[in-house]
Amino acid sequence: MDSRSTSAISGISRLRRSRTALAAGAATLAASLLAAGATAGSANAAAPPAPSATASGASAVSLSPSARAELLREAGATTVSTAKSLRLGAEEKLIAKDVVKDADGTTHTRYERTYAGLPVLGGDLIVHESASGASRSVDKATDADIEVTDTSAAIAPSGAERSALSAAQAAGDRKTGAEDAPRKVIWAATGKPVLAYETVVTGVRKDGTPSKLHVITDADSGRKLYEFQAVQNGTGTGQHNGKVTVGSVRSGSQWLLKDSARGGHRTYNLKHSWDETKKGSAFYDADNVWGNGKPTIAQTAAVDAHYGAAMTWDYYKKVLGRNGIKGNGKAAYSRVHFGDAYENAFWDDDCFCMTYGDGAGNKKPLTSLDVAGHEMSHGLTSATANLEYSGESGGLNEATSDIFGTAVEFYAKNAKDPGDYLIGEKIDINGDGTPLRYMDKPSKDGLSYDYWKSGVGNDDPHFTSGIANHFFYLLSEGSGRKVIGGVTYNSPTKDGRTVKGIGRAKAEKIWYKALTSYMTSTTNYAKARTATLKAAKALYGASSAEYKAVDNAWGGVNLTAPLPEGR
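The sequence shown begins at 3 in the working numbering and counts up by one.
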């Protein structure tokens with residue numbers, strides 16, 4: 003799938019979208035494959051916990067940028083033989099996108115696909131190969147054969163553009179316009195592959211969040227096939243995190259807010275501009291003491307955003323074994339003070355950056371630790387499974403950011419913002435001190451879903467994310483009433499079953515492995531259940547308590563075998 007995406011933290015616009023069923027599947031092949039070969043410093047306010055012991059050889063290892071690049075180079079050099087062994091058609095080609103290597107030498111190589119030179123949206127797949135090359139299997143976003151009658155469109159690009167603009171306006175976007183001319187693609191994510199156009203319409207949503215709506219139009223009939231939103235909402239003293247250590251470097255006679263220990267991450271000041279194309283101004287300081295803990299000076303929000311990015315980077319590296327968002331050691335960047343009283347934050351793939359508003363009255367910046375982890379993790383999802391931001395896959399996309407935002411908050415052990423299973427509890431976006439979302443019982447926010455049901459994919463991803471958030475809480479902590487870190491939780495299950503948790507650390511690793519090794523762009527809740535069971539089996543074994551707990555936790559949110567195919 004196209005990697006351009008953005009995500010905001012809150013579902014303020016309340017958009018509802020229809021979703022057609024997405025095809026997904028997996029097949030096992032026996033074939034030989036060429037064997038593939040195989041720090042940032044810390045500046046925390048408080049020392050992070052030591053990495054937990056590797057559960058098994060299936061845990062991912064941290065690859066250096068050069069080792070990762072070599073694995074991708076080798077994968078790229080063998081795409082023709084790989085496509086042939088997978089029995090792909092003569093017009094199909096593979097493009098290596100990402101690779102994860104396990105401690106036992108197993109590699110999970112993610113590919114995008116083209117047909118007759120056209121991108122195949124929904125054609126991504128993951129090849130899993132043992133260290134010896136003796137066994138290989140594949141997970142595909144679609145099992146459909148990629149084939150169309152011809153690649154000549156009956157509809158002109160201008161017709162597709164008009165249709166896309168109408169779709170964006172119907173969604174309530176303002177100031178709409180096509181980002182580029184519609185591009186011709188093969189649309190394979192919803193059943194039989196067809197020749198189509200993809201048009202990216204930029205604009206502004208009702209709350210001021212930038213919009214990048216991807217509209218898929220049948221190239222022969224002009225009929226809209228699908229749409230998904232790509233802007234996914236979503237020492238100094240910070241307002242939320244207190245006194246912390248932040249990365250900075252000397253720049254002439256001043257200090258520059260730049261974290262050279264974490265890929266060179268920088269934080270910029272947008273000075274209340276609504277122009278999302280601006281990078282903003284760099285932050286400089288004479289004495290290397292940043293912020294005052296209050297929103298009265300611009301540096302304060304920058305401290306929180308910079309620190310949040312650092313903690314997320316450290317969590318990825320020290321807990322998940324991932325060297326930055328893309329695994330290549332390169333940092334994204336942060337932008338603060340977007341818009342005027344903008345009550346949101348978002349990730350944008352185009353700039354590879356996180357952007358934060360200042361909240362109500364420009365006094366409550368959305369730069370809390372879990373929000374920073376949430377936004378940065380949209381980049382992680384884009385670099386790996388690239389879960390489509392619509393329908394059930396959109397809910398899984400949002401939940402992934404909530405899960406890792408929560409994990410970062412626990413990891414940081416910051417006394418000003420201790421870890422909890424509440425999302426956005428520090429930013430007061432509701433104006434009454436309540437959190438934005440709850441993981442133990444998502445419906446407490448009045449909008450999110452506790453349990454899976456048929457047709458749930460038609461709702462906003464911020465609300466359908468509740469199902470996976472609830473699963474993660476149950477898997478981590480179990481069902482029923484309990485007090486954790488001074489916060490009272492009471493997590494129910496759909497059928498009243500009792501779920502015993504396996505601990506957050508194991509739940510995090512299972513979700514990460516499922517995301518990076520088994521999920522594809524079209525993964526829905528049924529397939530997410532399969533992916534997490536595969537991950538638990540790889541990490542802990544098919545007869546393990548962890549595997550059984552994954553199955554039981556999904557049952558608690560109304561996903562049991564035999565699984566429905568509804569989206």
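In this text, a Cβ means the ideal position worked out from N, Cα and C, and glycines have one as well. None of the values given here were measured: they were computed from a predicted structure.
The C-alpha of Gly-266 lies about 33 Å from the C-alpha of Ala-470. At the C-beta level, Arg-499 and Asn-554 come within 8 Å of one another. If you ignore the 5 residues before and after Gly-238, its C-beta comes within less than 6 Å of the C-beta of Val-248, Trp-292, Gly-293, Val-305, all in its own chain and listed in chain order. Put simply, of Val-251, Lys-365, Leu-215, Leu-65 the residue whose alpha carbon is nearest the alpha carbon of Ser-392 is Leu-215.
Under the rule that a run must span 4 or more residues, the alpha helix (DSSP H) segments found entirely inside the region 373-424 read 393-414. Ser-255 sits exposed, since fewer than 16 C-beta atoms from the chains shown fall within 10 Å of its C-beta.
When the beta-carbon positions are compared, Thr-534 and Trp-513 come within less than 8 Å of each other.
Taking a cut-off of 8 Å for Cβ pairs, the region 214-230 and the region 259-277 do not touch, as fewer than three such pairs fall below it.
With the rule of 3 Cβ pairs closer than 8 Å, the region 429-444 does not count as touching the region 507-527.
Given a length threshold of 4 residues, each whole run of the alpha helix (DSSP H) inside the region 73-132 is given here in chain order: 81-87. Listed in chain order, the non-local C-beta contacts of Asn-290 below 7 Å within the same chain comprise Ser-250, Trp-257, local neighbours out to five positions each way being set aside. Inter-residue distance for Phe-412 and Ile-486 is about 12 Å (C-alpha atoms, whole angstroms). Within the region 521-545, no complete beta strand (DSSP E) segment of 3 residues or longer occurs. For Lys-245, the closest alpha carbon among the candidates Lys-418, Asp-104, Asn-364, Glu-131 is that of Lys-418. Comparing alpha-carbon positions, the option among Asn-346, Glu-114, Gly-482, Gly-505 lying closest to Gly-558 turns out to be Gly-482. In this structure Lys-177 is in contact with Val-206, their Cβ atoms being roughly 5 Å apart against a cut-off of 8 Å.
Taken atom to atom, the span from the alpha-carbon of Glu-114 to that of Val-122 is near 8 Å.
Looking at the DSSP output, Pro-212 sits in a beta bridge with Val-206. Between Gly-341 and the set Leu-449, Ala-98, Ala-173, Gly-210, the nearest pair of CA atoms involves Gly-210. Thr-219 and Gly-193 have their C-alpha atoms roughly 15 Å apart. Leu-65 and Glu-94 have their C-alpha atoms roughly 30 Å apart.
Arg-112 sits away from Asp-104, with the two beta carbons spaced by 8 Å or more. For the 8 Å CB-CB criterion, Gly-397 and Ser-467 form a contact. The alpha-carbon of Gly-435 is positioned some 17 Å away from that of Asn-364.
Within the same chain, Cβ atoms closer than 8 Å to the Cβ of Lys-273 are found at Gly-282, Ser-283, Ala-300, His-339, the five residues on either side in sequence being excluded. Checking the DSSP bridge columns, you'll see Met-441 has no partner listed.
Exposure of Val-82 is indicated by the presence of fewer than 16 other C-beta atoms within 10 angstroms of its C-beta.
Under DSSP, Ala-284 takes part in a beta bridge, and its partners are Tyr-270.
Gly-161 carries a helical assignment under DSSP once its states are collapsed to helix, strand and coil.
Taken atom to atom, the span from the alpha-carbon of Gly-407 to that of Leu-127 is near 27 Å.
In the three-state reduction of the DSSP assignment, Leu-259 falls in the coil class.
Under the criterion of beta carbons closer than 8 Å, Val-202 and Asp-182 qualify as touching, at roughly 7 Å. Straight across, the Cα-Cα distance linking Glu-72 with Gly-331 is about 14 Å.
Taking the CA atoms as reference points, Ser-523 sits about 15 Å from Ala-401. Put simply, the backbone Cα of Ser-370 is about 44 Å away from that of Tyr-117. Secondary structure at Gly-329: coil, using DSSP grouped into helix, strand and coil.
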